[in-house]
Every structure is written in C-alpha cells, then in structure tokens.
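Note that this note's numbering has the sequence shown beginning at 15, numbered continuously upward. Using N, Cα and C, we set each Cβ at its ideal position, and we do this for glycine too.
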Amino acid sequence: MLIGVPREIASGEKRVALVPDVVPQLTGAGHRVMIERDAGLRAGFTDETYRAAGCEIADSAADVYSAAQMILKVQRPGREENSGEAELDMMQEGTVLVGLLQPAGDPALFQQLADRRIVALSMELVPRTTRAQMMDALSSQSTVAGYKAVLLAANALQKFFPMLMTAAGTVRPARVLVIGAGVAGLQAIATARRIGAVVEAFDTRPVVKEQVQSLGATFVELDVHAEDAQDAGGYAKELSERHIRREKELIHNRALQADVIITTALIPGRPAPMLVSAETVKAMRPGSVIVDLAGEQGGNCELSVPGDTIVRHDVTIIAPLHISSELAYHASQMYAKNLGALVALLAPKGELNLNLADDIIDAVTIVADGKVRHNPTRLRLGMSPLTSTTQTAGAAK
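So, in structure tokens, the structure goes:
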C-alpha cells in the first residue's frame, strides 16, 4: 500500500504526521511511503532524512493525493490559502484518510467524505484501553499541551514561579490552579511543580485525587459521586445544573488566590464547559494569567477568544489553538508513533484490512462504505443512529 503524507496547511500548524524514525516500520511491513517536499521542515525534519529512511519525495500535495491509497494527516482536510485548492477535492475515491479529524467539529466534512466514498479514521476516537495505548494520540498531544501551557503562563506572568531567597528578601512562589486532571492537566501540574510553583488542582472525578497528590499538588474536592463525574472510558461527564453551580462557586473562590489558572476541561463530543466566568476574571488579582487549553472547543473561560491572547480586567487570557504545534518536533514524533501503531493494526502485511469487528478499528472509523457511521456525528447531521446490526452488515460488504 502506498502511504502518503502531505504538508499541513492549517494556519499555525507546524507538525507533520510522519517522522523519519517511523518510516522503516511501515516500509518493513511492505508499504511504500511518499511525503510532500518540505512537509516536515517546520517540525525540524528535512527531506534528506526522509529520503534516507526510505521515503519517496513528492513535488506537490496533488502528487501525494493522486497516488496514495492511505493519507496520514495531523489536521482535518482544509483549503490552501494561496491557491484556494481544497485537499478534499484532491483525494481519490476509496482513499483511507487517518488524522485528528475533529469529530466534534463541523459534521458536513464527514458527509462530504462519505459522498466521495473516502474511508475516514479519526485519531480522537481511539478507545482508552490498554491494547490501544500506543495509538492514543489525544494523550500524546495532551502531554505536549500541558507542558507548553505552563511555559506560556510563566512567560506572561510578571512574577517568578519558584520561591527565591535573595539579598532583597524572600520571593514567594506563584500559585497555580489547574482545572481538569486529565493527561494535559497532570502534565501541567508536574511542570508547574518542577519550576517551583504552589499548585492546586480541581477535577470533578474523585478517582484522580491520588494522581494529583502524587505530583505534589493539593486536590480541591467537589462532593460528586464517581459514576456521576466520569463515563466508562474515564472521561469527564457533563454534570447536573446543581453540581455545575457548586463547581463554579468553588473555582471562583480558588481563583481569587491564584496567580495562574490553567484550564483543560473537555467533554468528548460536546462544547467545552464554561467554568471561569467573566465575574471570576474580574475578581482575580491584577496581572494574573489564564491559559485556556479548551479554546478549540469554545473554551473554559467565558472571556476567552480562541486563537488569541487578550487582557480583560488586568488579567491576561491565552486561548491557543494547536498548542502542541508549538513543540512540533516532539509532538510530531509522538503522533507519528501513534499513527504507526494504528497502521500496523490496519495493514500488518502491506494490505488494508478494515476489520470492523476489531474494537479499536470500529471505534476510530467514522466514515466507511459511503456512509457516516459515527452516531454522534449522524445525529448532528439529522440522521438516525445506526444499530450494531446495521454497522455489521455494512462492514460485511
């Protein structure tokens, strides 16, 4: 199978879907690999290193899309700003597209993919199981995001993070509040603690308390039963109105003591919950900083402007998009390993085997057989959900 990697065209995106170290894994399984010229350059990978690893170098994206049977991407297909050329228009019928396709984003893309009979696999839908751990792109990219969020906060804050003993007296450490103790939140906690901040962390899931405390942070508790706070996959669930009101009150009170707030709270398939109100921002200390990692899904802070840095009520609010792209070298390495593990499952002997009876392949395949098969996306397109029987019948064609 010919696997193609185009250059990412989304604004500000520096990552690349495949790095030279992973290429021999694919060619060793019988695949050919083609990458667009300079596709990895912004992440620190030259065409020479790809060629040495066994890649073919294509002169243009059109050359990649016209030849490849499988396309590996970071971002969902878009439109090139200068030429106006749409990536989707260059894809051939029957192509397998794998990437971070944003299943909670505009659902019209998936109908277009189905109409063109393109098979689409979304890396965000990898199940959180032991068997799928090597393919968990959300976790790998969240690790990068949590680390970078602290660096952004430290750069914007007009204070030291660590406690310092100086000739001019003792400098107190910065106080950091991390909202959400998933992968990004835990990495933010660890990074903030490493550079000397006093850290508190809040999460609705009591099960993460021990992890937070093991990193040296204080866990701020809300009295919520575990089954009300997380789903079967370990992700946070949307709470009742009563719990949300109490949650916001608790966050408001802790925010008054914080120099930095880092928000990471997401609910799969839904807009990010609004947890830091405009009233809370107004009550915070002047010069405080908020880094909102949920900006791509609307943001956890009411005043966040996704993709921008603003100052409101003397508080700096940073809501980056594609934050993992700011550490493109390592983010690309981690993501490429996730993709390599999935491709090994999909095509272990050089030929595609879309086995929808496999729980991982079934979970990530959002479009196949000319239809959208991801039920949350179907509902947003006004379609009825597919039953397991219907999905199995489609898979057998």
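Counting only residues of its own chain and dropping the five nearest sequence neighbours on each side, H336 has a CB closer than 6 angstroms to the CB of G26, E27. Inter-segment contact for the region 347 to 359 and the region 371 to 378 is present: three or more beta-carbon pairs are separated by less than 8 angstroms. Remark: C-beta atoms of L178 and V213 do not approach each other more closely than 9 angstroms. By the criterion of at least three beta-carbon pairs nearer than 8 angstroms, the region 337 to 345 is in contact with the region 149 to 160. Judged by beta-carbon spacing, C69 lies within the 9 angstroms limit of V37, meaning their Cβ atoms are closer than that value. Here Q201 has T157, G160, Y161 as same chain residues with Cβ atoms under 6 angstroms from its own Cβ, once five neighbours each way along the sequence are excluded. Around the C-beta of R145, fewer than 16 other C-beta atoms lie within 10 Å, and the residue is accordingly described as exposed. In this structure the region 108 to 125 lies against the region 83 to 98, because at least three pairs of beta carbons, one per stretch, are closer than 8 angstroms. At the C-beta level, P362 and A43 come within 9 angstroms of one another. S136 is bridged by DSSP to G113. Non-local C-beta neighbours of I71 in its own chain, meaning closer than 7 angstroms and more than five positions away in sequence, comprise I49, R51, D61, Y64, R65, ordered along the chain. Following the DSSP letters along the chain, one finds K262 inside the alpha helix (DSSP H) bounded by residues 255 to 269. Under the three-state reduction of DSSP output, E340 falls in the helix class.
When DSSP states are grouped into helix, strand and coil, E50 belongs to the strand group. Residue pairing of A215 in beta bridges, as defined by DSSP: V192, F233.
Here the alpha carbons of P20 and D77 stand approximately 9 angstroms from one another. In this structure, V234 lies near A215, with their beta-carbon atoms less than 9 angstroms apart. Only residues of its own chain outside the window of five on either side were considered, and among them V295, L317 have a CB closer than 7 angstroms to the CB of R326, listed in chain order. Counting along the chain, R29 sits inside no alpha helix (DSSP H), nor does DSSP assign it H or E at all. Pairing K385 with L370 gives a Cβ-Cβ distance that is not under 9 angstroms. Beyond the five residues adjoining it in sequence on each side, V133 comes within less than 6 angstroms, by CB distance, of V110, A382 in the same chain, given in chain order. In the three-state scheme derived from DSSP, where H, G and I count as helix and E and B as strand, M149 is classed as helix. When only Cα atoms are considered, T330 and I304 end up about 6 angstroms apart. DSSP, reduced to helix, strand and coil, places V319 outside both helices and strands of the structure shown, so it counts as coil.
DSSP places Q311 in no alpha helix (DSSP H); its state is neither H nor E.
In this structure, DSSP gives E70 an extended state, which the three-state scheme calls strand. Between A211 and V274, the gap from beta carbon to beta carbon is short of 9 angstroms. When DSSP states are grouped into helix, strand and coil, M105 belongs to the coil group. When C-beta atoms of the region 308 to 323 are compared with those of the region 93 to 110, fewer than three pairs fall below 8 angstroms, so the two segments do not count as touching. Taking the C-beta atoms as reference points, L165 is found nearer than 9 angstroms to T205. Proximity to E365 across A100, M288, T41 peaks at T41, based on C-alpha coordinates.
With respect to R46, M15 sits close: the two C-beta atoms are nearer than 9 angstroms. Across the set P187, P285, A195, the C-alpha of P187 shows the shortest separation from the C-alpha of R208.
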